[in-house]
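A quick write-up on the structure given underneath.
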Amino acid sequence: MGSAADGSLANEKAPAETVGVGRYVEMEQDGGGPSTAKSRLSGLLWHGGSAYDAWFSCASNQVAQVLLTLPYSFSQLGMLSGILFQLFYGLLGSWTAYLISILYVEYRTRKEREKVDFRNHVIQWFEVLDGLLGRHWRNVGLAFNCTFLLFGSVIQLIACASNIYYINDKLDKRTWTYIFGACCATTVFIPSFHNYRIWSFLGLVMTTYTAWYLAVASLIHGQVDGVKHSGPTKMVLYFTGATNILYTFGGHAVTVEIMHAMWRPQKFKAIYLMATLYVLTLTLPSAASVYWAFGDELLTHSNALALLPRTAFRDAAVVLMLIHQFITFGFACTPLYFVWEKLIGLHDCRSLCKRAAARLPVVVPIWFLAIIFPFFGPINSAVGSLLVSFTVYIIPALAHMITFRSAHARENAVEPPPRFVGRWTGTFIINSFVVAWVLVVGFGFGGWASMTNFVRQIDTFGLFTKCYQCPPPTLPPAGAAPNATWPPFPVTPFNATTAGLAPAPAPSPAHFFGRHHRHHSHGL
2 MGSAADGSLA NEKAPAETVG VGRYVEMEQD GGGPSTAKSR LSGLLWHGGS AYDAWFSCAS
62 NQVAQVLLTL PYSFSQLGML SGILFQLFYG LLGSWTAYLI SILYVEYRTR KEREKVDFRN
122 HVIQWFEVLD GLLGRHWRNV GLAFNCTFLL FGSVIQLIAC ASNIYYINDK LDKRTWTYIF
182 GACCATTVFI PSFHNYRIWS FLGLVMTTYT AWYLAVASLI HGQVDGVKHS GPTKMVLYFT
242 GATNILYTFG GHAVTVEIMH AMWRPQKFKA IYLMATLYVL TLTLPSAASV YWAFGDELLT
302 HSNALALLPR TAFRDAAVVL MLIHQFITFG FACTPLYFVW EKLIGLHDCR SLCKRAAARL
362 PVVVPIWFLA IIFPFFGPIN SAVGSLLVSF TVYIIPALAH MITFRSAHAR ENAVEPPPRF
422 VGRWTGTFII NSFVVAWVLV VGFGFGGWAS MTNFVRQIDT FGLFTKCYQC PPPTLPPAGA
482 APNATWPPFP VTPFNATTAG LAPAPAPSPA HFFGRHHRHH SHGL
């Protein structure tokens, strides 16, 4: 493996060819045969693997429900800091996605030189770490990656319930979580990332519509009376908002699985950067416009849709985001399905029904956690600071430095760093900066701020709350007859004993609604 022939092989075209041969053939028939209309339609909608498919997957997965919480982050950070953090973390995320792609190609090339066949096996991030750095790195990577993807799926489920409530509030958000948990469980039937071709495309169309709806609707609505833009006001809020943006551009925990679904994974290097640039055209205008229109009101409304008046356009945005969250749930959950299949020995099973049935236990804890912690918005920041910071920023940067720490490894690297970043020296400096910044600002300050805010949500609303940040009930108009909507006020008792006495004052409305209101307040 370390021979001169191998060294020259790494610098010639052979690695590019070997990198491209492995396929997850469970869903791809490599036997040739006549092309039929059915096979062509299946290829168009179902079997993806091109660079365009990867771009759609990255862009669609990156800008999911977090699009609706970025205005909330702007209210915590202020306009200038919100814009700068988006640009900064977008660049940082693109860099670490590039590192992950380099490590994947390095691992796969080494293994294929050893005649390892990946045609019926999906390579995952923890396996890359295992092959390059050993089992201790594998265990750490597996723990962080699975926990992040677990909570990433939880967030999508919470977002479904939060969004549907704005067009149908007859059911509380917890009940909607039950319903959408069952709907999202159908993702067990999607075998791999090859099969997200049409879904990735539609998902990006849906988020594009929603982003521009938020921007245009906010500008048409104009600024509310007495609007204030006081952010940033508190360090807790400032770093909470910053970690939500860290989470936004840290969606590349599924990078390896997306690369493995490509026919030529070595083409991935710049795809994530291109996806990030497109995502910025959606997140910056929408977040800035909503914050301009509503200002500090966003501090108590983590979902931007809550502040916009109900129209057919808003309902369309809600429905499209619901469909997109279903897609993103599948993106986050599919790597967990793979891990579970490998654990129980069904990963190479050809029966889709058997694999789907075996995957169902993965959905149950996601469902349960979404019901316990329905804190749409604050949970993004908590996941960003505690999990995303290590999973997709710190661990890839450290892994790249350690993998290529020796002169021999650098000399035989399949993909050496480009000249414009300063080759190996520049790469080491950039990686060191990423580790230091994310460890101190993202995990340190961000972890403190987001967990403080998260605990405050628990104290205010409690666990298992039925309807997080739902509007409090309004009092009935004067003279309204009691009905199913308005609970009747008790009538002052009157009998022979109390005759002639002044009636006792009726309890105030707070007596009836105070406790209920506590569970629906918007305080942070």
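All letters in the sequence shown, in the order written, are residues 2 to 525 by our numbering.
All residues carry an ideal CB built from backbone N, CA and C; glycine is no exception.
Remark: C-beta atoms of Q77 and L300 approach each other more closely than 9 Å. Nearest Cα to L281 within the set N140, N304, T208, F269: T208. Per DSSP, M236 is one residue of the alpha helix (DSSP H) stretching across 236-249. Between L399 and V365, the C-beta spacing is not below 9 Å. C350: not part of any alpha helix (DSSP H); DSSP gives it neither H nor E. Using a C-beta cut-off of 8 Å, the stretch 225-232 makes no contact with the stretch 355-369, since fewer than three inter-stretch Cβ pairs fall below that distance.
If you ignore the 5 residues before and after F75, its C-beta comes within less than 8 Å of the C-beta of G83, G232, G242, A288, A289, V291, Y292, L299, all in its own chain and listed in chain order. Taking the CA atoms as reference points, I101 sits about 42 Å from R311. The beta carbon of L285 sits closer than 7 Å to the beta carbons of I84, Q87 from its chain, once the five residues preceding and following it are set aside; these are given in chain order. Under the DSSP assignment, Q77 falls in the alpha helix (DSSP H) whose first and last residues are 71-78. In this structure, the beta-carbon distance from L104 to H302 does not fall below 9 Å.
Just so you know, the alpha carbons of A294 and Y73 end up roughly 12 Å apart. Of all C-beta pairs linking the stretch 145-163 to the stretch 378-393, three or more are shorter than 8 Å, placing the two stretches in contact.
One Cα belongs to V415, the other to E107, and the distance between them is close to 6 Å. Taking A98 as the centre and dropping the five residues before and after it, the same chain places the C-beta of H253, T256, Y273 closer than 7 Å to its C-beta, in chain order. Around the C-beta of G447, 16 or more other C-beta atoms lie within 10 Å, and the residue is accordingly described as buried. Put simply, the stretch 350-362 does not touch the stretch 169-178. Fewer than three CB pairs are less than 8 Å apart. Scanning D316, I221, K112 for the CA closest to the CA of I168 turns up D316. Going by beta carbons, A276 and Q63 fall inside the 9 Å limit. Here DSSP, grouped into helix, strand and coil, assigns P266 to helix. For V206, the enclosing alpha helix (DSSP H) covers residues 198-222. Judged by DSSP in its simplified three-state form, I403 adopts helix.
Excluding the 5 residues flanking it on each side, Y279 has same chain C-beta neighbours closer than 6 Å at A60, in chain order. At the C-beta level, G385 and G423 stay beyond 9 Å of one another.
With contacts defined as CB atoms closer than 9 Å, Y197 and I324 fail to qualify as a contacting pair. Inclusion of E258 and T335 in the CB contact set at 9 Å is warranted, their separation being smaller than that value.
Selection N381, G346, T404, L353 evaluated against P192 yields L353 as nearest (Cα-Cα). Taking a contact as a CB-CB distance under 8 Å, the pair Y248 and N381 counts as one, their CB atoms being some 5 Å apart. Note that the C-beta distance between F194 and G94 is not below 9 Å.
Of the candidates G296, S407, N140, the residue whose Cα lies closest to the Cα of Q224 is G296.
Between V155 and L370 a beta carbon distance of about 5 Å is seen, short of the 8 Å cut, so the two are scored as contacting. Here the C-alpha atom of L133 lies approximately 14 Å from the C-alpha atom of N413. For the set F429, F269, V456, I395, the Cα lying nearest the Cα of Y53 is the one of F269. A distance below 8 Å between beta-carbons, with the five flanking residues on each side excluded, links T404 to the following residues of its chain, in chain order: L104, E107, L133, L134, A410. Secondary structure of R411 (DSSP, three-state): helix.
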